[in-house]
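For the working numbering, add 35 to where a residue sits in the sequence shown, where the first one is 1.
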Amino acid sequence: MKNIHQIVLPINLEIIIPKDDSVRLLYEVTEGLNYKKLYRSYSILGRNSAIDPKTLFRIVVYGYMERIFSSRELEKACIRDVNFRWLLQGQKAPSHNTIARFKSSRMKYCLEDLFNQLVLKLNEKDEIKFENLFIDETKIEANANRYTFVWKKSTKKFEEKLQIKVRKLIENINKDLNITFHNQNKISVSESTNLLTYIILLKEKTNLEFVYGKGKRKSKLQKYAEGLEDFIEKQSKYDNYNEIFNGRNSFSKNR
């Protein structure tokens, strides 16, 4: 008599996991990272891992994506959860001790480097934006709120867009006010402040009132002034960031 409770193994995980599952995206993105610093940490400490360090990194990251933070819970997930088993790619599930050692002793050597790479890769795929990326210096949490990373590449990107926007603004100001404000090079905070001062003085001279509130129609002069104020605020922030970078690709700041 046939046993109706018999389970046929092995299970084909490729069929079970949807093509658009987040675990597949994670695997694809992390496959393109440079793990040189991670592997170097093993040579520094003198012990090889029973499981590929790259796989352990994926397990930890996917754990945080699924809000699984403890090493024991990650061990359990690697045994029972289909997605975690798929990430293992046939390797034996790591013990909670292996995971704990990896998080405390290995990742500290390469955490910032790997997450710089990971975030940039996700950004390239338009999966995330650079705003509000939070990270702890020793562990990555989905709801971390102690640190926020500022990225050099994203700062440069936003600053370039800001400069294009302010050049267009100054071009319109020159045309409408019949003045010549040079804007061939990078517009500085001091230069834009001088132009803003000129506009405010012109406002006073012409007795023009700036209006605020819903339904109020702003004059061109007010729009120009507000545009310059917005630029000054943002450019000042980027100038400060660029000083802090000092050769680094990112820095963390307390929230």
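Yeah, the Cβ is synthetic: ideal placement off N, Cα and C, and Gly gets one too.
Near Val117, which residues of its chain fall below 7 Å by C-beta distance, leaving aside the five closest residues on each side in sequence? Leu48, Ile51 and Ile52
Exposed or buried, Leu243, counting other C-beta atoms within 10 Å across all chains shown (16 or more means buried)? exposed
Cα-Cα, which of Ala128, Arg115, Ile134 and Glu66 is closest to Lys156? Glu66
Since Leu122 contacts Val58 with CB under 8 Å, what's their CB separation in whole angstroms? 6 Å
Would the stretch 260-275 count as touching the stretch 184-200 if we require 3 or more Cβ pairs under 8 Å? yes
Exposed or buried, which one is Ile170 when buried takes at least 16 other CB atoms within 10 Å? Only weak support is given to the placement of Ile170: the predicted model assigns it a pLDDT of 38, under 50, and the question is left unresolved by the model.
Taking only the alpha-carbon atoms, compute the straight-line gap between Lys23 and Val96 and give it to the nearest angstrom. An answer regarding residue 23 cannot be provided, because it is not within the stretch 36 to 290 covered by the chain.
Do you know how far the Cα of Ala260 is from the Cα of Lys203? 14 Å
Boundaries (first-last residue) of the alpha helix (DSSP H) holding Ile51: Leu48 to Ile51
Going along the chain, which residues of its own chain have a beta-carbon closer than 8 Å to the beta-carbon of Ile42, five neighbours each way excluded? Unreliable positioning characterises Ile42 in this predicted model, as indicated by a pLDDT of 46, which lies under 50. The coordinate reading is nonetheless provided below. Cβ neighbours of Ile42 beyond the five flanking positions: none.
How would you write the range of the alpha helix (DSSP H) that Arg120 sits in, first residue to last? Note, Arg120: alpha helix (DSSP H), Val117 to Leu123.
Please check the pair Lys89 and Tyr77, which I expect to be a contact at CB under 8 Å, by giving their CB distance rounded to whole angstroms. Between Tyr77 and Lys89 the Cβ distance is about 11 Å, and since that is not below 8 Å, they are no contact.
Please list, in chain order, all residues of the same chain as Asn178 whose beta carbon is under 7 Å from its beta carbon, the five residues on each side excluded. Confidence is the limiting factor: at Asn178 the pLDDT is only 37, short of 50, which leaves the residue's position unreliable and the question unanswerable from this model.
By Cβ distance below 6 Å, which residues in the same chain neighbour Arg141 in space, the five residues on each side in sequence not counted? Cβ contact annotation for Arg141 (same chain, cutoff 6 Å, sequence separation greater than five): Ser76, in chain order.
Between which residues of its own chain and Gln152 is the CB-CB distance below 7 Å, once the five residues before and five after are set aside? Correct list, in chain order: Leu68 and Asn69.
Return the chain-ordered ranges of every alpha helix (DSSP H) run that is complete within the stretch 212-246 and spans a minimum of 4 residues. 224-240
With C-beta atoms as the reference, is Lys127 less than 8 Å away from Ile94? No.
Arg237 to Lys269 span [Cα, whole Å]: Note on identity: in this sequence residue 237 is Leu, with Arg being the wrong assignment. Looking at the two C-alpha atoms, the distance is approximately 24 Å.
With 16 as the cutoff for other CB atoms within 10 Å, does Arg120 come out buried or exposed? By the neighbour-count rule (16 or more Cβ atoms within 10 Å), Arg120 is buried.
Quick one: Cα of Gln257 to Cα of Phe245, how far? 6 Å
Own chain residues within Cβ distance below 8 Å of Asn229, not counting five before or after: Cβ neighbours of Asn229 beyond the five flanking positions: none.
Let's test the definition: count the other Cβ atoms within 10 Å of the Cβ of Ile279 and tell me whether it reaches 16, buried, or not, exposed. Exposed is the call here.
Going by DSSP, what residues sit across from Ser285 in a beta bridge? When DSSP reads this structure, Ser285 sits in a beta bridge with Trp186.
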